[in-house]
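Student: One structure, pasted below without further comment.
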Amino acid sequence: MPLDPSSSLRSATVSRLRAAGCVFAEDEAELLFSAARGTGELDAMVGRRAAGLPLEHVVGWAAFAGLRIAVDPGVFVPRRRTEFLVEQAVGLARPGSVCVDLCCGSGAAGAVLLSAVEGVELYASDIDPTAVRCARRNLEPLGGLVHEGDLFAALPDSLSGRIEVLVANVPYVPTEEVGLLPPEARDHEPLVALDGGADGLEVLRRVAAEAADWLAPGGTLLVETSERQAARAVAAVSGHGLTPRVVMCEERYATVLVSTRS
């Protein structure tokens, strides 16, 4: 059962979190109360959060597009802005579509596709074994299949030319800027999920070079990027049999490159 804290425990918990720099200390405290099974566990969880561990790693899950996604320690935490990427994918998927969640991390994007679109045939992959284990917890109960490996090399050959919706949430932080990320990200999330190479677009270029071979005619590749990288991301995708366009959501500070197989 969720912990029912006394007023003094509630106040003390909020104070500890606020002192540790947690901007939304009250909200975080409520999540910790709901996750802790006793005061001892609460104390340990508050200690981990105060030490800088992402809240999602402390409680073991993240809220994403209306779902509760399991997030294990060392796994990339799905961001709210990525909900916009997944919304674009859901809008393109049809019942029974063949969909892929590439660089899947926890499998959050794939979980939304499986939950929102009837009969989706969903495959996911990631190069990080820890992420793969976590994604399997989220996706296999829903009918998804998760593979371990480097980008398309992890996928079954039978998918070549059949993928209708390809979500690739590739890393896009330039290497020199990784150190500028909040400590929660740079210290507790895998570098492979953050570092996009010298200009942040190296992994995108690798995906774009092969995507047309894997997409079905009219199939679409969807990639999250940043507003300042958008023009260069379009250039990186162009010339690979893909027709790109950029869509944005100012509210969530989200920029998505949507590229259709020509």
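For the sequence shown, numbering that gives the first Met the number 0 gives the first residue as 0, with consecutive numbering after it.
For each residue, glycine too, the CB sits at the ideal point set by N, CA and C.
Given the structure is predicted, the values throughout are model-derived calculations rather than measurements.
Secondary structure at E223, three-state DSSP: helix, strand or coil?
Tutor: strand
Student: Are the beta-carbon atoms of A123 and L138 separated by less than 8 Å?
Tutor: yes
Student: Note the first and the last residue of the continuous beta strand (DSSP E) segment covering A50.
Tutor: It is not in any beta strand (DSSP E) - A50 carries neither H nor E in the DSSP assignment.
Student: Going by the beta-carbon positions, is the gap between T259 and A229 smaller than 8 Å?
Tutor: no
Student: Looking at the structure shown, is L31 part of a helix, part of a strand, or coil, going by DSSP?
Tutor: helix
Student: In the structure shown, what three-state DSSP assignment does C133 receive?
Tutor: Here C133 sits in helix by DSSP.
Student: Is the separation between the beta-carbon of V99 and that of L165 shorter than 8 Å?
Tutor: yes
Student: Would you check if there are 3 or more beta carbon pairs closer than 8 Å linking the stretch 181-188 to the stretch 200-207?
Tutor: no
Student: Between the alpha carbons of T242 and E176, how many angstroms are there, rounded?
Tutor: 29 Å
Student: Near E25, what residues of its chain come up, given a Cβ to Cβ distance below 7 Å and the 5 sequence neighbours on each side ignored?
Tutor: V13
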